Amino acid sequence: MKITAARVIVCSPGRNFVTLKIETDQGLYGVGDATLNGREFSVVSYLNDHLIPCLIGRDARQIEDIWQYFYRGAYWRRGPVGMTALAAIDMALWDIKAKAAGMPLYQLLGGRSRDKVLVYGHANGKDIAETVDAVAHYRDLGYQAIRAQSGVPGLASTYGVSKDTLFYEPADADLPTESLWSTSKYLNHVPKLFAELRQQFGDEVHLLHDVHHRLTPIEAARLGKELEPFKLFWLEDAVPAELQEGFRLIRQHTTTPLAVGEVFSSIHDCQHLISEQLIDYIRTTIVHAGGVTHLRRIAALAELYHVKTGFHGATDLSPVTMGTALHFDTWVPNFGIQEYMRHTAQTDEVFPHDYQFKQGFLYCGETPGHGVDINEKLAAQYPYQRAYLPVNRLEDGTLFNW
Ligand code: GCO
Ligand code: MG
């Protein structure tokens, strides 16, 4: 089965997405997500200028060899741009293989390990009262796991807090906006938020929180310790994770479960975090880390060390990634949870899919492949619009982590 064409489609049905479509001489095609939020055209160029010329004419069934060709075969390997481009190819090839087999992707991976996939949504508000309302809204929608973020008193804008709670979109301007950060104000505030949430909603609901890389290990240790009475499902991205051994310090002080990895692009970014049991959930996802082929290795390593999956699933991961991830989640033995931020109706129309949300769980469909397509005609009506993620400064002007 020869690859005859591979096309990159850029569209913006409410937000930007980069999609790869691979066609074969047997009439089967596959679709992959190549979206890297705020850096879209770097991946477009990597695909068009460097990978696609080497892809044409290859046997679409040889997923492993193609993966190795673009990974090992590249002198400059790893990194978010390269691994996202490779993920798009990999996703499209798994889609083709599953279509050729006449099976939904989870069957090819090894079959169903569970009936449904537990997901969490984002509740956020400008203050604690608004966040309480947002959590109540998610409870009404049936969610059993909810990430809670709140504005911090004294800070004009805070990560994770947006105008629209259902469609949170951080890439909010055609040049980066700037937000302000104060670690001390934040650390004083967050335990109050979770005390109130437990008070209002009891112990049953799973509560999660994302620090978005803003603390040092000892600050994260303090937060984890102070949040222990509120039994979080996880504390996410407590510190910038370039320093994997930094997690040892957090671990020594707290039993709050730790999640990390949405910005990782390979197994080498999380090898020590996993093998030293410094984390509980690995968030690295299909689109940013080399596709199904590479995520399988990360999940297998994680399984050895009691680490579960908790894939990133914000709006910048297209329905193609969400569909593929749900097949993976349905199969993977050490599944933990899946993040699920809803896409807008416009996005859902451009990417027809067969997964469904019911009462706090997502269900992947039975269509052969990963179950997500792209309506190219409709996509063409939504041209790219430059959009950046914000940057972040301390109150004295120092540039900080966003
Ligand atoms: C999350 C994330 C997102 C990211 C966004 C960046 O946990 O969902 O932190 O909100 O900031 O995906 O592109
Ligand atoms: Mg996050």
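Our numbering puts the first residue of the sequence shown at 28, with every later residue one more than the last. C-beta: ideal position from N, C-alpha, C; glycine also. For clarity, every value in this text was computed on a predicted model and none was experimentally measured.
- request: Give a single yes or no on whether E223 has its beta carbon closer than 6 Å to a heavy atom of ligand 2.
  value: no
- request: Taking only the alpha-carbon atoms, compute the straight-line gap between Q171 and T311 and give it to the nearest angstrom.
  value: 22 Å
- prompt: What's the C-alpha gap between G137 and G396?
  reply: 14 Å
- prompt: Shortest alpha-carbon distance to R105 belongs to which of A316, A163, I123 and P40?
  reply: A316
task: Determine the closest residue to L305 out of G273, K404, K385 and L78, with distance taken between C-alpha atoms.
output: G273
query: Nearest to V217 by alpha carbon, out of T351, H339 and A175?
result: A175
query: Got a sec: does ligand 3 put a non-hydrogen atom nearer than 6 Å to the Cβ of P197?
result: The ligand content of the structure shown is limited to ligand 1 and ligand 2, which means ligand 3 is not among them.
field: Distance between L250 and G318 (C-alpha atoms, nearest Å)
entry: 33 Å
message: Starting from W208, trace the beta strand (DSSP E) in both directions and tell me its first and last residue.
response: E205 to W208
field: Whether L224 touches W261 by CB criterion (7 Å)
entry: no
- prompt: Are there 16 or more other CB atoms within 10 angstroms of the CB of K29, so buried, or fewer, so exposed?
  reply: exposed
task: State the start and end residues of the unbroken beta strand (DSSP E) segment that holds Q176.
output: A172 to S177
- request: Return the CA-CA distance between Y195 and D76, expressed in angstroms with no decimal places.
  value: 33 Å
message: Since I173 and Y165 should fall inside the 8 Å C-beta cutoff, what is the C-beta to C-beta distance between them, to a whole number of angstroms?
response: 5 Å
query: Pick from F228, I401, E263 and P80: whose alpha carbon is nearest that of D60?
result: I401
message: Under 6 Å: does the beta carbon of D237 sit that close to some heavy atom of ligand 2?
response: yes
query: To which residues of the same chain is A406 closer than 6 Å at the C-beta, ignoring the five residues directly before and after it?
result: I36, C38 and V377
- request: Within 10 angstroms of the Cβ of R413, are there 16 or more other Cβ atoms? Answer buried if so, exposed if not.
  value: exposed
task: Indicate, with yes or no, if ligand 2 has a heavy atom lying under 6 Å from the CB of D264.
output: yes
message: Just verifying my parser: in three-state terms, what is the DSSP assignment at D423?
response: coil
message: Quick check: H380 and G350, are their CB atoms within less than 7 Å of each other?
response: yes
- prompt: Nearest to N361 by alpha carbon, out of A248, A127, Y98 and R139?
  reply: R139
- request: Identify whether H240 lies in helix, strand or coil by the three-state DSSP scheme.
  value: coil
query: Going by C-alpha distance, which of G100, T111, G54 and Y96 is nearest N64?
result: T111
F260, DSSP secondary structure in three states: coil
query: How many angstroms separate the CA atom of E91 from the CA atom of G84?
result: 16 Å
query: Looking at the structure shown, is Y213 part of a helix, part of a strand, or coil, going by DSSP?
result: helix
- prompt: Beta-carbon separation of A341 and Y308 under 7 Å?
  reply: no
query: Can at least three beta-carbon pairs, one atom from the stretch 207-215 and one from the stretch 177-186, be found at a separation below 8 Å?
result: yes
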